[in-house]
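Colleague:
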Ligand code: PEP
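Numbering (this note's numbering), first residue to last: 62 to 311.
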C-alpha cells in the first residue's frame with residue numbers, strides 16, 4: 062500500500078525564529094501519525110528547521126533547486142548543497158516557478174534527474190490552469206507534463222518520484238477540486254506512468270493532491286483511492302491547522 066505524504070509548502074513565509082517555534086508546536090501534535098510529514102521551508106530556514114526536527118517524525122524539504130552542482134548561477138542553490146545539510150525532499154516545477162520564473166518542462170526534467178541521482182526525494186508538480194480545465198484540456202496538460210518530467214528516467218527512479226497534482230486554479234484561491242475530479246485527474250497521471258513503465262511501477266508512485274487543502278476537506282480528498290496525501294500551501298503555515306490535516310485519519 063502506498064504511504065500518504067503530507068507536505069507543507071511554506072513558499073516565501075516564515076523567518077528562522079518562526080520556523081523553530083512552528084516545529085516545536087507541531088511536533089507533539091503529530092507524533093503518532095503514520096503519515097509522512099514534510100515541511101518545505103525557504104532556503105534561509107532550512108538549517109534551523111533541520112536542527113529543530115531532530116528526534117521528531119518531521120522531514121524537511123526545499124522548494125526548488127538548480128540542476129547543476131556548482132557554477133556561475135548567481136542566487137541559485139544546488140541539490141548537492143541541500144543534500145549536504147540533510148535536506149531530504151525537494152519540490153520541483155511548482156506552478157509558481159513555472160509561471161513567475163519561466164521554468165520549463167525541460168528544466169523540470171533536468172532538476173528531477175539531478176535530484177534522483179543524489180538521493181533527494183523529488184515532489185514534481187503538474188497541473189492545468191482554469192482555461193485549460195474549462196476547455197477540456199486538463200488530461201492532455203497533466204499527462205504531457207508528467208511524461209516530459211519523466212523523460213529518460215528509469216523505472217526504479219520513477220518509483221521514487223512523487224508527483225503533486227496541483228490544479229493552478231485551486232492554488233491559494235480557496236477553490237478546491239472536488240474529490241472526484243482530483244481522483245480522476247490523478248488516475249490519468251497514473252495511467253500515463255503505466256503507459257511508460259507498466260502497472261507494477263505505476264501502482265507504486267505516490268501522487269498527491271494540492272490546491273486549497275484545509276482541515277475541513279483533507280479527509281474527503283485523502284481517503285480517495287488514488288490520492289496519496291497532499292501538498293499544502295496556506296494551511297501549512299498554522300501548526301494546529303497543519304496538524305489537523307496530517308491527523309485527518311485519526
Ligand atoms: C501550494 O502552494 O502548492 C498550494 C497547494 O497552496 P494552497 O494550499 O495555499 O492552495
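By construction, the Cβ of each residue, glycine as well, lies at the ideal position given by its N, Cα and C atoms.
(1) Should residue 164 go down as buried or exposed, given a rule of 16 or more other Cβ atoms within 10 Å for buried?
(2) Once you ignore the five residues that flank residue 297 on each side, which residues in its own chain have a CB closer than 6 Å to its CB?
(3) Please name the residue in 269, 309 and 229 whose C-alpha comes closest to that of residue 191.
(4) Bridge partners for residue 183 per DSSP, in chain order?
(5) Would you please state the rounded distance, in angstroms, between the beta carbons of residue 306 and residue 276? I believe it to be under 8 Å.
(6) Would you check if the distance between the CB atom of residue 177 and the CB atom of residue 146 is smaller than 8 Å?
(7) For residue 130, which residues of its own chain have a beta-carbon under 7 Å away from its beta-carbon, when the five flanking residues on both sides are left out?
(8) Should residue 263 and residue 251 be called a contact, given that it needs their Cβ atoms to be closer than 8 Å?
(9) Can you tell me whether DSSP reads residue 301 as helix, strand or coil?
(10) Would the beta-carbon of residue 232 be found less than 7 Å away from any heavy atom of ligand 1?
(11) What is the residue span of the beta strand (DSSP E) that residue 69 lies within?
(12) Mapping DSSP to helix, strand and coil, what is residue 169?
(13) Does at least one heavy atom of ligand 1 sit under 7 Å from the Cβ of residue 292?
(14) Shorter than 7 Å, the distance from the beta carbon of residue 272 to the closest heavy atom of ligand 2, or not?
(15) Run the proximity test for residue 75: is its beta-carbon closer than 7 Å to any non-hydrogen atom belonging to ligand 1?
(16) Out of 93, 310, 269 and 85, which has the shortest C-alpha to C-alpha gap to residue 186?
(17) Just checking residue 79 against ligand 1 - is the residue's beta carbon closer than 7 Å to any of the ligand's heavy atoms?
(18) I think residue 154 touches residue 233, with their Cβ atoms under 8 Å apart; what is that distance to the nearest whole Å?
(19) Could you spell out where the alpha helix (DSSP H) holding residue 104 opens and where it closes?
Modeller: Short version:
(1) buried
(2) 69 and 303
(3) 229
(4) 151
(5) 5 Å
(6) no
(7) 139 and 141
(8) yes
(9) helix
(10) yes
(11) 66-70
(12) helix
(13) yes
(14) Ligand 2 is not part of this structure, which contains only ligand 1.
(15) no
(16) 269
(17) no
(18) Going by Cβ atoms, the distance from residue 154 to residue 233 rounds to 17 Å, so no, they are not a contact pair.
(19) 104-113
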